[in-house]
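Peer 1:
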DNA sequence: CTGAAAGCGCTTACAG
DNA sequence: CTGAAAGCGCTTACAG
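Protein chains in written order, with the working numbering: chain A, 11 to 360; chain B, 11 to 360.
(1) Applying the 10 Å Cβ sphere with the 16-neighbour rule, what's the burial state of residue 277/A?
(2) Do the CB positions of residue 361/A and residue 124/A come within less than 7 Å of each other?
(3) Which bits of chain A does residue 262/B rub up against, with CB to CB less than 9 Å?
(4) Tell me the DSSP secondary structure of residue 233/A in three-state form.
(5) Work out the CA separation of residue 76/A and residue 215/A for me, nearest whole Å.
(6) Shorter than 7 Å from the beta carbon of residue 20/A to some beta carbon of chain B?
(7) List the endpoints of the continuous alpha helix (DSSP H) containing residue 100/B.
(8) Under 8 Å between beta-carbons, which chain A residues line up against residue 130/B? List them in chain order, please.
(9) Evaluate residue 74/A with the Cβ neighbour count: other Cβ atoms within 10 Å of its Cβ, from every protein chain shown; 16 or more gives buried, anything less gives exposed.
(10) Let me confirm a value: residue 34/A is counted as buried when at least 16 other C-beta atoms fall within 10 Å, else exposed. Which label applies?
(11) Spatial neighbours of residue 227/A within its chain, please: C-beta separation below 8 Å, excluding the five flanking residues on both sides.
(12) Does residue 73/A get closer than 7 Å to chain B when you measure Cβ to Cβ?
(13) By Cβ distance, which residues of its chain are closer than 7 Å to residue 307/A, with the 5 residues on each side in sequence left out?
(14) Return yes when the Cβ of residue 264/A is within less than 7 Å of the Cβ of residue 286/A, no when it is not.
(15) From what residue to what residue does the alpha helix (DSSP H) around residue 187/B run?
(16) To the nearest angstrom, how far is the alpha carbon of residue 236/B from that of residue 294/A?
(17) Relative to the alpha-carbon of residue 58/A, which residue among 71/A, 86/A, 27/A has its alpha-carbon at the smallest distance?
(18) Give every residue of the same chain whose Cβ lies closer than 6 Å to the Cβ of residue 344/B, excluding the five residues on either side of it in the sequence, and list them in chain order.
(19) Confirm, please, whether the CB-CB distance from residue 313/A to residue 175/A is below 7 Å.
(20) Using a 10 Å radius around the Cβ and a threshold of 16 neighbouring Cβ atoms, would you call residue 49/B buried or exposed?
(21) Which residues in chain A sit within 9 Å of residue 65/B, going by Cβ to Cβ distance?
(22) Using the Cα positions of residue 128/A and residue 155/A, report the straight-line distance between them to the nearest angstrom.
(23) Against chain A, does residue 46/B count as a neighbour if the rule is that its beta carbon must be under 7 Å from one of theirs?
(24) Would you say the segment 248-259 of chain A touches the segment 138-150 of chain A, given that touching needs at least three Cβ pairs under 8 Å?
(25) Along the alpha helix (DSSP H) that carries residue 74/B, what are the first and last residues, could you check?
(26) Can you pull the chain B neighbours of residue 269/A, defined as C-beta to C-beta under 7 Å?
(27) Spatial neighbours of residue 130/A within its chain, please: C-beta separation below 8 Å, excluding the five flanking residues on both sides.
(28) Measuring only between beta-carbons, confirm whether residue 358/A sits less than 7 Å from chain B.
(29) The beta strand (DSSP E) that contains residue 283/A, what's its start and end?
(30) Hey, residue 85/A and residue 142/A are a contact pair by Cβ (cut 8 Å); roughly how many whole angstroms apart?
Structure representation (structure tokens):
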């Protein structure tokens, strides 16, 4: 009647071996089925495991294998729409494949803090790292990652020397801007999200489209992540009659901008067309609903994990990973036209 | 000139001991400064550590101490506003205190899947667990957590037998409903977010306020997390002339409802007052801006981690943890009145 | 197919 | 203050 286990102290492989009357290595073999184990012992071991409710200690395993089953995700502010969606995608896959996920938020505005952040990640001995490189801070973190641990980056499209999932942000920005120009606007203004610099961003696509069209290129306006900030900017640009079309760095901010324009008496899209980026769920019910670029963050997360897993397994099987730098996949967004953009005339776009 | 380390193979405590010409246990003592180490050896060891860029292997440490430095966070859909904010708060604190964070998304609609989810968490040997108990699924997971690992729950206010951070949702729902009634509405309708049952929820507070006021208690309408769903519901309830005030389970959904009402020709708040819950940043720039209950998810996350850490340390120091079940702290929300609610008359509330 | 031995990197008594 | 020894729970050659 009395259970075999001492309260709180879980069964070890030793207990299983003893109960099944086999040696510890045999249990290990059974667990990892690398070598054959006789049918008779298999059942004895299986019974012992069930009876003791035994589960292998992953810590001990990791120590001897010099390899954990843990993947680290490095990201700046995880509460932002894109980041949280991406992480969700990664998490789903990881769980499915038996990996655990360590989330590490990058903080710090100076190099030392970033170094600390990154080091605390490396201390955990992840088998692999996924870096959400959506802004400048995470871009800096990339430099600090050791070359010998498999890494996949999800980004606009910045690096050549690492496995990567590209969201094709530049292309998205390009398409969106081109679309707005096609509506008859003389030019399109741009409000940038933080860290939007670099050659592969939404902003870069915007610029390219304007250049190609020979349209004037206004100075982009920098904003924070806060929709309230967008509102303030919206009020300001309302004063400028030349502004008839605005491409805002993301949907949250775009909604703020529209509200700000409204505060100042401007109608969207009748007076000013506004488009966002990301396809945030609230943008779909916003009034007017947002024209935007739909981004598949969840899919990007899933693909990134798959890519990382392949890389990890390639190393395990000795296939090396230098060539993994070539791994590259695109998860492009696509234009979604809704109510917030329209012809340049005063007539309501239908 | 040649570095001492083989490429890829990090230095171990053995290497440090050898280089510093001391025994391994001495290095260990230095690292953990439990016992005194002579000044002379201290500097030798320090130099060796710096030279080898040595960092203790947390895996080996965890194995011998039978205790990791890792905390697991259990949550359903981590992309939702409340969840992601809470996790962010936890993460900040954890990082600061030298703990790593494992995020585990609860999935599954049957018991077996939940058991699997929970087991995969336990396999990781977390020193502690924080459960975001915001809905029914996570509530089921709670039952499966072992009593011997320190656990803190963040919830509306459901359990008595565990350490807990309460968001006081019932009280929030109560206040909000009372406020709406005070505006002159005959009653307040309610649209519930998933898993909103139970005695300590927003919904329970709503009911209580109506009961106290002797107001009619309409049948609550169930919704999903999707704002589009709110929009559909908004269109439907627009047909019912008796609906002059609606309390929606969260802000995202509330925005959908307002849009739906608008689709059907109803003005907010002139025709119908609508309030949400959570104080989502977009709700602040929504037109009309949302009356809501501000919830401090981030703070709740931080408090939960602090509580867990105390519990963990109490156990370490042998103070036991039975009494920790009593730990309980409240992070109450508060009413924020904005533009989406007003007097029952047709006049615009100021 | 199977067991005795060694070892992963660290910490914890145990003697000095 | 310090070192030799044992052990955490597992896996991996090594012999049979």
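Think of the CB as a built atom: it goes at the ideal place given N, C-alpha and C, for glycine as much as any other residue.
Peer 2: With the structure as the only source:
(1) exposed
(2) With chain A represented from 11 up to 360, any question about residue 361/A goes unanswered, as that position is not in the structure.
(3) 291, 292, 295
(4) coil
(5) 44 Å
(6) no
(7) 91-106
(8) 105, 108, 110
(9) exposed
(10) exposed
(11) 197, 217, 220, 221
(12) yes
(13) 92, 95, 96, 99
(14) yes
(15) 179-192
(16) 10 Å
(17) 27/A
(18) 304
(19) yes
(20) exposed
(21) 129, 132, 133
(22) 7 Å
(23) no
(24) no
(25) 68-75
(26) 295, 297
(27) 114
(28) Bear in mind that the predicted position of residue 358/A carries a pLDDT of just 38, short of 50, making it unreliable; the figure below should be weighed with that in mind. Answer no: the Cβ-Cβ gap between residue 358/A and chain B never drops below 7 Å.
(29) 283-285
(30) 4 Å
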